[in-house]
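Note that the working numbering gives residue 14 to position 19 of the sequence shown, counting from 1, and the numbers run on in steps of one.
Backbone N, C-alpha and C define an ideal beta-carbon position, used for all residues, glycine too.
Written below as structure tokens is the structure these notes are about.
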Amino acid sequence: MSIPTARERFRKFLAQKGLRVTSQRLAIFDAAFGRKEHFTAEQLLDYARSIDDSVSRATVYRTLPIMTRSALLREIDIGSGEKFYMPNLEQNTQIAQVVCLDCDRIFEISAPFMEWYGSTVSSKLGLAPVSQRLQVSARCNALRDTGTCPRRA
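Encoded structure:
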């Protein structure tokens, strides 16, 4: 899905929920979809304010759940007390996340086996899968071997 298509989908989702399409919400959308890396709500606030300085923290925190419910953003909880977000342009639900404990980065890889696995284990219990997530915590081999991590920001 293209960014303009996602933007239109966001507008329609807001309308369906009876919510106004505001310049602040659109700035938050543009800020989120301008990112190539995972981001936190606070980082999104900074990005959005660079587009529209009237964006408030409250609006960001109210808009993030709307964007995740619309499946335009993926919410990622790595257990650090802070949630991360990533645009979901491909609408791919078969993603595995690998969290590097050394450089604090989140990597996402395609995991097409997850659909089969989710269906298999759910059907054994007479259930149908609704969502699933695979998250792996890992350590950096380069850091262990050389003392430096090439991915550390």
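Worksheet entry | Pick from Gln130, Leu59, Glu3 and Ala22 that is closest to Ser45, judged by C-alpha positions | Counting from 1 along the sequence shown, the entry for residue 45 is found at position 50. It is Ala22.
Item to complete: State the DSSP-derived secondary structure class of Leu122, mapped to helix, strand or coil.
Response: In the sequence shown, residue 122 corresponds to position 127, counting from 1. Coil, per DSSP.
Discussion item. Would Val16 and Leu40 qualify as a contact pair, given that the criterion is a beta-carbon distance under 7 angstroms?
Written reply: On the sequence shown, position 21 is the one that residue 16 refers to. On the sequence shown, position 45 is the one that residue 40 refers to. Not in contact: Val16 and Leu40 (Cβ atoms no closer than 7 angstroms).
Discussion item. Using the three-state DSSP reduction, which class does Ile23 fall into: helix, strand or coil?
Written reply: For the purposes of this step, residue 23 is taken as the residue at position 28 of the sequence shown. Three-state result, Ile23: helix.
Practice prompt. Check whether the Cβ atoms of Ile73 and Val93 sit closer than 7 angstroms, and answer yes or no.
Written response: The count along the sequence shown starts at 1 and reaches residue 73 at position 78. The count along the sequence shown starts at 1 and reaches residue 93 at position 98. Their beta carbons are not under 7 angstroms apart, which means Ile73 does not touch Val93 by this criterion.
Worksheet entry | Integer Cβ distance of Leu59 from Ala36, believed to fall under 8 angstroms | Taking the first residue of the sequence shown as position 1, residue 59 is located at position 64. Taking the first residue of the sequence shown as position 1, residue 36 is located at position 41. The Cβ separation is near 6 angstroms, so the contact holds.
Worksheet entry | Sequence-distant residues of the same chain with beta carbon closer than 7 angstroms to Glu70, five excluded per side | Taking the sequence shown and counting its residues from 1, the one referred to as residue 70 is at position 75. If we look at Glu70 and ignore the five residues flanking it on each side, its Cβ neighbours are Thr63, Lys78 and Tyr80.
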